[in-house]
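Asks: Take a look at the following structure, please.
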Amino acid sequence: MLRLRTTYTLVLISVLLSTTLLAQTPTPTSLTNDTLQLNEVVVRGYATNRRLLETAASVGLLTSRDLQQRFGTPTPIPALNTLPGVRADERSPGSYRISIRGSAIRSPFGVRNIKAYWNELPLTDAGGNTPLNALDVRTLGRIEVIKGPSGSLYGAGTGGTVLFSGLSVPDKKSHVELSTLGGSYGLFGNGVTAQTGDGKTALSLSYNHLQSNGYRDNSGLVRDNLTLSGSVSVSEKQTLSVLGLYSDLHYQTPGGLTDAQFGANPQAARPATRTLPGSVQQQAGIYQKYGYLGLSHEYRWSDRIQNTTAIYGTTTDFANPFITNYQKTADQGLGGRTVTQIRLPNGPLPTTFTVGAELLRTFSVIRNFGNRAGVPDTIQTDEELTARQTTLFAQAETQLPAHFRLTAGVSRNDVRYGFTRFPIRAAGAIPAELLTRTFTPVWLPRVALLRTFGDRVSAFASISTGYSAPSRDEIRPSAGGFNTTLNPERGTSYEVGLRGSAWQNRLQVSVSAYQFGLRETIVRRSNAAGAEFFVNAGRTNQRGLETQISYDLRGKAFDVRVWNNLTLTDFRYRDYQQGSTDLSNNRIPGVAPVTNVTGVDLRTNAGLYGYVTYQFLNPFYLNDANTATADPTRLLQATLGYRHALGKIVTLDVYASGDNLLDQTYSLGYDINAFGGRYYNAAPARNFVGGVRLSVSW
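With the sequence shown counted from 1, adding 27 to any position gets you my numbering.
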């Protein structure tokens, strides 16, 4: 408690000191429009559509500059890792995992325990999985990350919420961009994006290809993405929008290495043992074809009342040759979300009400076969699983006297599973039986209070509750069976925060401190074959401090931004008994106590731009027993580019980028609690990429 009190005291002192900044007058910045400015940037989190300065929550923001230019390789992972409180992994190319304030301790692979949306269209399915690797970063214009439980408006999930937006479409213009890139380890990619807008209609169509041989043995990648997004104003009151995604992805999975194997040859794939074959022999990998079609309709009854209703459908064809088996899965998903906002601006307490509902359903056919060197063999299991999530929510945001704003919301969440295993042999077979798992519906409240101090400083405090039922791949893990004893996570988060700017908006500061108590924490285990299963680990206590600070140096011919993002954590188990061993007070594995990211951004009027990013992660534990420790991570990345207009309609952008410039041997994703100590998945050594973008606008 002493550390937490110290943290809160520091935040309070910062609030008091920042009030001295109020006498200064901000001036417009010459940085590009996608640069983060607390006084100007509007965020969508919690449906408020307010300036970041006026948002009573911790929200991380990535702009098109962060996603498209800062790093050379087209993946969202390095950009997400610049945000305090967020950690993204890529154990092998194409295998993504996101942790928001430690939420990935239960995710051996995939993106779980968060909710994700493209505008109002849900991307997270009813089974709790988010297909992040089906998106291409070259089609994204913006990412918002709401950190901490946000169930009062977005439903189940204790980690946070990720809001995606596509590339902005030029108004009353047409635009075509061609791109190509190449780099180390056989990296090659190209793409084309066509956009047009006429004031009432906006349409964007993109095709992107990426391939790589990979740094490690058996770590190749081939991915093709097609993205369609658009909107049309049917009338002054109605707007229709569409999102279509198709992804054809194949990546190989080299598998985890022990410490000795990692030290001897980090490029090696998981070798064979006396009892099990290796990753190369079994051609371990992922084959995934994913399709998504969503439609949304916005209707504005008046300037005070509007509704947005979205529906979507998905299909997934998934195959995973693994060390011990070959899994094939077919998913069909359906769902929708409706949100109505009612604004009452003229009363003594101006208030905005938000009410709505969300329904998600996913049906999966899952079959396991033997794996004969990458070819499915005799069938082992034949199963069907149905997942359903229902969320009802309501929120009120009220402007109070003395520059206070109160936000109060609540949601009701209902999660259900149905599981059927069919007999695979005629003689002596057990008849098929439907097993169900229905979790008691829960109410998730949230209350937040914010006060602004002039136009440049604000402080907030919030209390929010989180709830996360087991995901589909946790209740039916790769180890097999239907887990009827795994319980949902439930917790409460307390948070305070401060944002402010000074010196004509050149200095910008954001600080937040939180304490999150979680019950029935879900953690990952694995057996000798590497197949995972999950257990509840009692309570955890998660404390953290996150800071962002930046300073702009502005000249007549250039702009330079120097920034630093710091994350401090103290995440520990409470009341955790593993067999006869008491692990209470042990640190939660996979969460670095210190993550420090520093960068320098350069823009010149002549078209030259450059970005330097340095990341440092303090050593952290890799298992619950706290007996295995990761090495510190020191990662230096840099990009240098030149963007120049060739006439009135053509623009050329040429860039070169380097990753891991210090040539560190490190892992960009650990297998937490891996059996036999196979924790390590080596990231590429020093590598480079170069590319060209050619755009035409008329």
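Using N, Cα and C, we set each Cβ at its ideal position, and we do this for glycine too.
1) Of the residues R478, L276, G362, which one's Cα is nearest the Cα of A488?
2) Alpha carbon to alpha carbon, how far is G565 from F289? Give it in angstroms, no decimals.
3) Taking the alpha helix (DSSP H) that P348 falls in, what are its first and last residues?
4) Enumerate, from N- to C-terminal direction, the unbroken beta strand (DSSP E) stretches of 3 or more residues contained entirely within the stretch 394-462.
5) If you draw a straight line from the C-alpha of V259 to the C-alpha of R327, how long is it?
6) Pairs of beta-carbons, one from the stretch 304-321 and one from the stretch 268-275, closer than 8 Å: are there three or more?
7) Mind checking which residues open and close the alpha helix (DSSP H) that includes Q309?
8) Flag this pair as touching only if the stretch 402-418 and the stretch 366-380 have three or more C-beta atom pairs under 8 Å; answer yes or no.
9) Beta-carbon within less than 7 Å of D244's beta-carbon, same chain only, minus the 5 sequence neighbours each way: which residues are those?
10) Determine contact between the stretch 623-634 and the stretch 161-176, defined as no fewer than three beta-carbon pairs at a distance below 8 Å.
11) Rounding to the nearest angstrom, what Cα-Cα distance links D109 and R705 in this structure?
12) Which one of L386, V484, V719 has the shortest CA to CA distance from R670?
13) Would you say S495 and S177 are within 8 Å of each other, going by their C-beta atoms?
14) Helix, strand or coil, according to DSSP, for E81 in the structure here?
15) My output table needs one value for V164: the three-state DSSP class, helix, strand or coil.
16) For G740, tell me which candidate among T378, G524, A153, Q664 has the shortest Cα-Cα distance.
17) Just to confirm before moving on: does the CB-CB distance between T220 and E204 stay below 8 Å?
18) In or out: W145 buried (at least 16 other Cβ within 10 Å) or exposed?
19) Nearest CA to the CA of A701: which residue from V621, V677, D225, R552?
20) What residue from R570, Y603, N591 has the CA that sits closest to D597's CA?
21) If we ignore side chains and look at the alpha-carbon of each, how far apart do R630 and N650 end up?
22) For the stretch 498-508 and the stretch 157-164, state whether three or more C-beta atom pairs, one from each stretch, are separated by less than 8 Å.
23) Pick from G213, T151, R588, P659: whose alpha carbon is nearest that of P620?
24) Does DSSP put Q542 in a helix, a strand or coil?
25) In three-state DSSP terms, what is R705?
26) So if DSSP puts T109 in a beta bridge, which residue, or which two residues, is it bridged to?
27) So, at 6 Å on beta carbons, what are the nonlocal neighbours of G247 in its own chain, with the 5 sequence-adjacent residues on each side left out?
28) Return the chain-ordered list of same chain residues with a C-beta closer than 6 Å to the C-beta of A459, the five sequence neighbours on each side being excluded.
29) Considering Cα atoms alone, identify which of D251, L230, T228 is closest to L237.
30) Does the stretch 399-413 come close enough to the stretch 361-368 that 3 or more CB-CB pairs lie under 8 Å?
31) Going by DSSP, what residues sit across from D286 in a beta bridge?
32) Near V392, which residues of its chain fall below 6 Å by C-beta distance, leaving aside the five closest residues on each side in sequence?
33) Using 8 Å as the cut-off, can you tell me whether the stretch 636-645 makes contact with the stretch 598-610, which would need three or more C-beta pairs spanning the two stretches below that distance?
34) Quick one, which of G99, L513, L663 has its alpha-carbon nearest F215's?
35) Take K199 and list the residues in its own chain whose beta-carbon comes closer than 7 Å to its own, dropping the five residues that flank it on each side.
36) Output needed for T434: all residues of its chain with C-beta closer than 6 Å, excluding positions within five of it in sequence on either side, in chain order.
Replies: Considering the structure as presented:
1) Reading the sequence shown from its first residue, position 461 is the one you call residue 488. Cα-wise, what sits closest to A488 is R478.
2) As a working mapping, residue 289 is identified with position 262 in the sequence shown. As a working mapping, residue 565 is identified with position 538 in the sequence shown. Taking the straight line from one Cα to the other gives about 32 Å.
3) For the purposes of this step, residue 348 is identified with residue 321 of the sequence shown, where counting begins at 1. DSSP places P348 in no alpha helix (DSSP H) but in the uninterrupted beta strand (DSSP E) bounded by 332-348.
4) Listed in chain order, they are 402-427, 431-449.
5) Taking the sequence shown and counting its residues from 1, one reaches residue 259 at position 232. Taking the sequence shown and counting its residues from 1, one reaches residue 327 at position 300. Near 14 Å, if we compare the C-alpha coordinates of R327 and V259.
6) Under the Cβ criterion (8 Å, minimum of three pairs), the stretch 304-321 counts as touching the stretch 268-275.
7) As a working note, residue 309 is residue 282 in the sequence shown. It spans 306-309 - the alpha helix (DSSP H) in which Q309 sits, taken as one unbroken run.
8) Contact between the stretch 402-418 and the stretch 366-380 is absent, because fewer than three Cβ pairs lie under 8 Å.
9) Sequence index remark: in the sequence shown, residue 244 carries index 217 (1-based). Excluding residues within five positions, the ones whose Cβ falls inside 7 Å are P281, Q294, A295, A296, V307.
10) Result no; under three Cβ-Cβ pairs closer than 8 Å.
11) For the purposes of this step, residue 109 is identified with residue 82 of the sequence shown, where counting begins at 1. For the purposes of this step, residue 705 is identified with residue 678 of the sequence shown, where counting begins at 1. Before going further, note that residue 109 is Thr rather than Asp in the sequence given. In a straight line, the C-alpha of T109 is about 27 Å away from that of R705.
12) In the sequence shown, counting from the first residue as 1, residue 670 sits at position 643. Comparing C-alpha distances from R670 to each of L386, V484, V719 shows the shortest one belongs to V719.
13) Locating residue 495 in the sequence shown gives position 468, where the first residue counts as 1. Locating residue 177 in the sequence shown gives position 150, where the first residue counts as 1. In this structure, S177 does not lie closer than 8 Å to S495 by Cβ.
14) For the purposes of this step, residue 81 is taken as residue 54 along the sequence shown, with counting starting at 1. If DSSP states are grouped into helix, strand and coil, E81 belongs with the helices.
15) Numbered from 1 along the sequence shown, position 137 holds the residue referred to as residue 164. If DSSP states are grouped into helix, strand and coil, V164 belongs with the helices.
16) It is not possible to answer for residue 740, since the shown part of the chain is limited to 28 through 725.
17) Locating residue 220 in the sequence shown gives position 193, where the first residue counts as 1. Locating residue 204 in the sequence shown gives position 177, where the first residue counts as 1. T220 places its beta carbon less than 8 Å from that of E204.
18) The count along the sequence shown starts at 1 and reaches residue 145 at position 118. Looking at its Cβ environment, which holds 16 or more other Cβ atoms inside 10 Å, W145 is buried.
19) By one-based count along the sequence shown, residue 701 stands at place 674. If we check each option's Cα against that of A701, R552 comes out closest.
20) Here residue 597 refers to the residue found at position 570 when the sequence shown is read from its first residue. Nearest of R570, Y603, N591 to D597, Cα basis: R570.
21) In the sequence shown, residue 630 corresponds to position 603, counting from 1. In the sequence shown, residue 650 corresponds to position 623, counting from 1. Going from the Cα of R630 to the Cα of N650 covers about 43 Å.
22) Cβ pair count under 8 Å is below three, so no.
23) In the sequence shown, the residue the question calls residue 620 occupies position 593. Comparing C-alpha distances from P620 to each of G213, T151, R588, P659 shows the shortest one belongs to P659.
24) Counted from its first residue, the sequence shown places residue 542 at position 515. Reduced to three states, the DSSP call for Q542 is strand.
25) Translated into the one-based positions of the sequence shown, residue 705 becomes position 678. Coil.
26) Within the sequence shown, residue 109 is the residue found at index 82, counting from 1. DSSP output for T109 lists no bridge partner at all.
27) Taking the first residue of the sequence shown as 1, we reach residue 247 at position 220. N240, G241, Q279.
28) Counting from one through the sequence shown, the residue named residue 459 turns up at place 432. Within the same chain, Cβ atoms closer than 6 Å to the Cβ of A459 are found at T447, F449, the five residues on either side in sequence being excluded.
29) The count along the sequence shown starts at 1 and reaches residue 237 at position 210. The residue from D251, L230, T228 with its alpha-carbon nearest to that of L237 is D251.
30) No, the stretch 361-368 does not touch the stretch 399-413.
31) Reading the sequence shown from its first residue, position 259 is the one you call residue 286. For D286, DSSP records no beta bridge to any residue.
32) Position 365 of the sequence shown holds residue 392. The residues are A357, E411.
33) The answer is no - the stretch 598-610 does not touch the stretch 636-645, with fewer than three Cβ pairs under 8 Å.
34) As a working note, residue 215 is residue 188 in the sequence shown. Considering only alpha carbons, the answer is G99.
35) For the purposes of this step, residue 199 is taken as residue 172 along the sequence shown, with counting starting at 1. So the list reads G224, D225, G226, once near-sequence residues are dropped.
36) Numbered from its first residue, the sequence shown carries residue 434 at position 407. Counting only Cβ-Cβ distances below 6 Å, and skipping sequence neighbours, we find A83, E424, A475.
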